[in-house]
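Below: the structure, in structure tokens.
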Amino acid sequence: MPSRRSILSAGLVTCGLAAGLPLSGVGHALEAPKGAVILSVTGAITATNAERAARLDLAQLDAIDRSSFTTGTPWHDRKVTFEGVRGAALVRALGGGGREVIATALNDYSATLPMEDFLRHGLLIASRVDGRTIGVREKGPLWIVYPYDSAPHLNTGVYHSRSVWQLARLELR
Ligand SMILES: Nc1nc2c(c(=O)[nH]1)N[C@H]1C(S)=C(S)[C@@H](COP(=O)(O)O)O[C@H]1N2
Ligand SMILES: [Mo]
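Residues in the sequence shown are numbered from 27 upward in steps of one, following our numbering.
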């Protein structure tokens, strides 16, 4: 049986939903995801919708930001257009901070990205390639990508190794 405290806090979240709290509300409850959760963010964030976590579906990510760039990559034989939420926009929307971001994939591969790297370079958490959502077999549903063609240093092993595909979790710390 849930405690009185948990009933009260569930009530607060419901009130937040009814009031239509914006996603960017630092220190507020985020809306609950309505669709499949494709990204969980934990650690140094102030906006949450679960126990110390932000669990987000595609519609919520789209509501935060939809940015795009076109670039060649080591994984494609042509230039492709990635679309998704910029790292900087996601961190802002969740009231995030910290010095690094640990990005973990469905296959438990993980990479540690310096926060400044996550906030710069136009880094995208891409949900679409050439306008189509990305299947798990095609390195989706989420893929951290950089505009590799825009600066020579981005087209190196360091940035390729930070290009976590099948991204599932981010921890800010
Ligand atoms: N999910 C996931 N993302 C990952 C990796 C991985 O093993 N799993 N390897 C990283 C490294 S070290 C590199 S160089 C590239 C390699 O991508 P590839 O295996 O498709 O060539 O993806 C990066 N992203
Ligand atoms: Mo690599």
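Glycine included, every Cβ here is placed at the ideal spot set by N, Cα and C.
Once you ignore the five residues that flank residue i on each side, which residues in its own chain have a CB closer than 6 Å to its CB?
| i | result |
| --- | --- |
| residue 91 | 111, 112, 115 |
| residue 144 | 113, 127 |
| residue 196 | 67, 127, 129 |
Hey, out of the options, whose CA is closest to residue i's CA?
| i | options | result |
| --- | --- | --- |
| residue 84 | 65, 73, 76 | 65 |
| residue 120 | 175, 162, 87, 139 | 87 |
| residue 107 | 175, 156, 188 | 156 |
| residue 70 | 124, 118, 94 | 124 |
| residue 131 | 168, 55, 154, 102 | 168 |
| residue 93 | 109, 100, 104 | 109 |
| residue 99 | 175, 118, 183, 135 | 175 |
Quick one: what's got a C-beta closer than 7 Å to residue i's C-beta in the same chain, skipping five residues either side?
| i | result |
| --- | --- |
| residue 51 | Any reading at residue 51 is ruled out, since the residue's pLDDT is 42, under 50, leaving its predicted position unreliable. |
| residue 170 | 129, 149, 151, 188, 189, 190, 193 |
| residue 62 | 83 |
| residue 48 | Low local confidence applies: a pLDDT of 46 at residue 48 is under 50, so the model's placement there is unreliable, with the coordinate-based value given in what follows. So no residue of the chain qualifies. |
| residue 137 | 129, 187, 188, 190 |
Between which two residues does the beta strand (DSSP E) holding residue i run?
| i | result |
| --- | --- |
| residue 64 | 63–69 |
| residue 83 | 79–83 |
Would you say the beta carbon of residue i comes nearer than 8 Å to a heavy atom of ligand 1?
| i | result |
| --- | --- |
| residue 84 | no |
| residue 137 | yes |
| residue 153 | no |
| residue 100 | yes |
| residue 181 | no |
What are the boundary residues of the alpha helix (DSSP H) that includes residue i?
| i | result |
| --- | --- |
| residue 184 | 183–187 |
Checklist entry - Which residues count as close to ligand 2 when the rule is a CB under 7 Å from any of its heavy atoms, in chain order? => result 183, 186, 187
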